[in-house]
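J.: Listed in order, the protein sequences are those of chains R and A.
Using the working numbering, the final residue of the first sequence is 247, and nothing's skipped along the way.
Using the working numbering, the final residue of the second sequence is 494, and nothing's skipped along the way.
Note that the Cβ used here is the ideal one computed from N, Cα and C, for glycine as well.
2 protein chains.
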Amino acid sequence: MSTADSAALQPMVRRLRQLGPLDEADVAALLALPFRRLEYRPQEHIVREGDSPQRSCLLLSGFAFRHKVAGNGGRQIFSIHMKGDLADLQNSLLGIADHNLQALTHVEAALIPVEAIRDLAFDRPAIGRAMWTETLVDASIFREWTLNVGRRDARTRMAHLLCEFSFRLAAAGLGEPCRYELPMTQEQLADALGLTSVHVNRTLMALEGEGLIERRQRAIRIGDWPALARAGDFDAAYLHLREPQPA
Amino acid sequence: MSTADSAALQPMVRRLRQLGPLDEADVAALLALPFRRLEYRPQEHIVREGDSPQRSCLLLSGFAFRHKVAGNGGRQIFSIHMKGDLADLQNSLLGIADHNLQALTHVEAALIPVEAIRDLAFDRPAIGRAMWTETLVDASIFREWTLNVGRRDARTRMAHLLCEFSFRLAAAGLGEPCRYELPMTQEQLADALGLTSVHVNRTLMALEGEGLIERRQRAIRIGDWPALARAGDFDAAYLHLREPQPA
DNA sequence: CGCCGGTTTGAGTCCATTCAAGAGGAGTGG
DNA sequence: CCACTCCTCTTGAATGGACTCAAACCGGCG
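1. Does Ile343/A pass the burial test, meaning 16 or more other C-beta atoms within 10 Å, or should it be called exposed?
2. Using a beta-carbon distance cut-off of less than 7 Å, what residues from the stretch 116–140 of chain R approach chain A?
3. Pull up the CB-CB distance for Phe78/R and Pro372/A, whole angstroms please, since I reckon it's below 8 Å.
4. Of all the residues that make up the stretch 457–480 of chain A, which are near chain R by a beta-carbon distance shorter than 8 Å?
5. Between which two residues does the alpha helix (DSSP H) carrying Asn347/A extend?
6. Assuming contact is defined by CB atoms lying nearer than 8 Å, are Val398/A and Arg75/R in contact in what I supplied?
7. Over what stretch of residues does the alpha helix (DSSP H) that includes Leu58/R continue unbroken?
8. Determine the direct distance from the alpha carbon of Trp379/A to that of Ala501/A, and round the result to whole angstroms.
9. So Asp26/R and Ile127/R are in contact, right, with Cβ under 8 Å, and what is the actual spacing, rounded?
10. May I ask you to list, following chain order, the residues of the stretch 90–106 of chain R that have a beta carbon less than 9 Å from some beta carbon of chain A?
11. Pull up the CB-CB distance for His81/R and Ala64/R, whole angstroms please, since I reckon it's below 8 Å.
12. Would a check of beta-carbon distances place Thr146/R closer than 8 Å to chain A?
13. Between Ser6/R and Ala172/R, what straight-line distance do the alpha-carbon atoms span, to the nearest angstrom?
14. Strictly below 7 Å CB to CB, what residues from chain R border Ala317/A?
15. With DSSP as the reference, label Pro493/A as helix, strand or coil.
16. Tell me the DSSP bridge mates of His81/R?
17. Is Gln290/A helix, strand or coil when you go by DSSP?
18. Counting only beta-carbon atoms, is His204/A nearer than 8 Å to chain R?
19. DSSP puts Val396/A in a beta bridge; with which residues?
20. Report the neighbours of Arg143/R on chain A: residues whose CB is nearer than 7 Å to its CB, in chain order.
21. Can you give me the start and stop residues for the alpha helix (DSSP H) that Arg115/R sits inside?
22. Any idea if Glu381/A is buried or exposed, counting beta-carbon neighbours within 10 angstroms, 16 or more meaning buried?
23. In chain order, what residues of the same chain lie with their CB nearer than 7 Å to the CB of Gln54/R, ignoring the 5 residues before and after it?
24. Ignoring anything shorter than 3 residues or poking outside the stretch 407–450 of chain A, list the beta strand (DSSP E) runs there in chain order.
25. Counting only Cβ pairs nearer than 9 Å, list the residues of chain R close to Ala484/A.
26. Report, in whole angstroms, the separation of the C-beta atoms of Glu263/A and Leu256/A, which I expect to be a contact under 8 Å.
27. At the 8 Å Cβ level, is Arg402/A part of the contact set with chain R, yes or no?
28. Go through its chain and collect everything with a Cβ distance to Arg221/R's Cβ below 6 Å, but skip five positions before and after it.
29. State buried or exposed for Gly479/A, treating a residue as buried only when at least 16 other CB atoms are found within 10 Å of its CB.
30. I want to see whether chain A comes within less than 8 Å of His45/R, judged by CB atoms only; does it?
31. Output needed for Ala377/A: all residues of its chain with C-beta closer than 8 Å, excluding positions within five of it in sequence on either side, in chain order.
32. Give me, in chain order, the residues of the same chain whose beta-carbon lies closer than 7 Å to that of Cys410/A; leave out the 5 immediate sequence neighbours on both sides.
33. With DSSP as the reference, please indicate the residues paired to Gln323/A in a beta bridge.
34. Taking the C-alpha atoms as reference points, what is the distance between Pro226/R and Leu161/R?
35. Strictly below 8 Å CB to CB, what residues from chain A border Arg75/R?
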């Protein structure tokens, strides 16, 4: 456990400040949290369903995803996490993990003891409020994904995901909204959208054919943001961000 | 605003105690919360997407549901709420509602000012923790529903919903787990499962044909709980309850 | 060079949808 | 008490969006 390089936790401060105001003492307390740095390789599990983790995971770089596997073998991805996200904050309160958290790319993480998080959340109301809000925004994203999977067709789902990802990358300070690297295989996209990888492929080809996006490998370029947002039935309200909307 | 009949808030205490330990002072503080009683008729909106509600809604009797409507007109229901649930606790922290809360049946509710809830949550850690946990369990249910809609076939989805409902009714102290009144039309079931009402009907008929359930109007009898749970790929872990499993 | 994971494409199938019509039940008003 | 209406449930037939199976292609890498 180390508090040496406390500036390492800066991405968390940035993220929490999007969710609620923090004063300097709050920030200092956050940066003083004890943590342990750890790296994960692509596909490596960070938390497994059934675990009782004693640390919560802050992402410092790379991408991770949460998912669950149904009895028939089907996998459903619930969310993609990026720099600054407290990807399993819920495990600080719920004793037992009800789903998996897995690295999507190479990941650098800071693991923070759950008691330290809990104590801080209840000692400093502004921090507690921001953290609680973080989990509420998570829930809002889950609802939107349920709507996506339950009531939208493949084309709309795909466009919606591309918009969300663009939006959140920009909010996390990771590059321009209209040109980014999608860190997922088409099979992983399928598991996020409730489709098969074959159909994801056809859908991407179709979106490209319509001129809504361009692709080179996994690099995405959004030609016409408003058009893609329309195609994806995308309204960023559910992300509860205060950042200005991209282009 | 009244604190007269403070025993009215008892169902909330019962529910929060399933989520975390509360001492007598906590319970007294909860029961002393100011609130206003209000009734809603079936289909009446309690909170609308875009609202900024100043009260949170505790259900005293009846059922309510949360949902959102996609651009194509499709509606997705995210959860069903019952006696004791704080159905829009999230609106105490997020300024603006991102989805609708609507009465399913006739509803009696206690509306509690959001500042009173926030103050209590941060003054009394045990209460704050239980409330935060309530929203985390909500999120867990959303994830399970995403999995349901994204990766399970109609039969499995339907069986899963029947199991969840049975389970939660029992936990809320509303009757036996194997015989209950499902307070939804088949169209509402369809919107919860990401199906059409026609297919919901065929699916229910099929489940009945297999002998997994019996129906009379909307009354459901579960003949063989373990069999239905198997058919529904149901594992109650995601509800994070401590109650004993029914039969 | 040859493997390997990921992507692309084709053809046939199926689960759920759509469209449509009829039956059942509860409530209302004459 | 019956006729009428409205809503929900039920059933049938045809359609379609996404799936399955399978093969070929591609780029990166040892």
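T.: With the structure as the only source:
1. exposed
2. Phe122, Pro125, Gly128, Arg129, Trp132, Thr133, Thr135, Leu136, Asp138, Ala139, Ser140
3. With a Cβ gap of about 29 Å, Phe78/R and Pro372/A do not count as contacting.
4. Asp480
5. Where Asn347/A is concerned, there is no enclosing alpha helix (DSSP H), although the beta strand (DSSP E) it sits in stretches over 347–350.
6. Correcting the residue identity first, residue 398/A is Arg in this sequence and not Val. Taking 8 Å as the Cβ cut-off, Arg398/A and Arg75/R qualify as a contacting pair.
7. Where Leu58/R is concerned, there is no enclosing alpha helix (DSSP H), although the beta strand (DSSP E) it sits in stretches over 55–61.
8. Residue 501/A cannot be examined here, being either before or after the span of chain A that is shown, 248 to 494.
9. 5 Å
10. Gln90, Leu93, Leu94, Gly95, Ile96, Asp98, His99
11. 5 Å
12. yes
13. 19 Å
14. Leu147, Arg151, Arg152, Asp233
15. Its pLDDT being 44, under 50, Pro493/A is placed unreliably in this model, and the value from its coordinates should be taken loosely. Reduced to three states, the DSSP call for Pro493/A is coil.
16. Ala64/R
17. coil
18. Outside the modelled stretch of chain A, which goes from 248 to 494, sits residue 204/A, for which no answer is possible.
19. DSSP, once it has assigned bridges, lists no residue as partnering Val396/A.
20. Lys315, Phe325, His346, Phe389
21. Strictly speaking, residue 115/R in this sequence is Glu, with Arg absent from that position. Taken as a continuous stretch (DSSP letters only), the alpha helix (DSSP H) holding Glu115/R covers 114–123.
22. buried
23. Pro113, Val114
24. 426–428
25. Glu49, Gly50, Ile96, Asp98
26. Rather than Glu, the amino acid found at residue 263/A in this sequence is Leu. Not confirmed; about 10 Å, so no contact.
27. no
28. Arg179, Glu214
29. buried
30. no
31. Leu263, Arg264, Leu266, Gly267, Leu269
32. Leu475, Ala476, Gly479, Phe481
33. Lys315/A
34. 14 Å
35. Arg398
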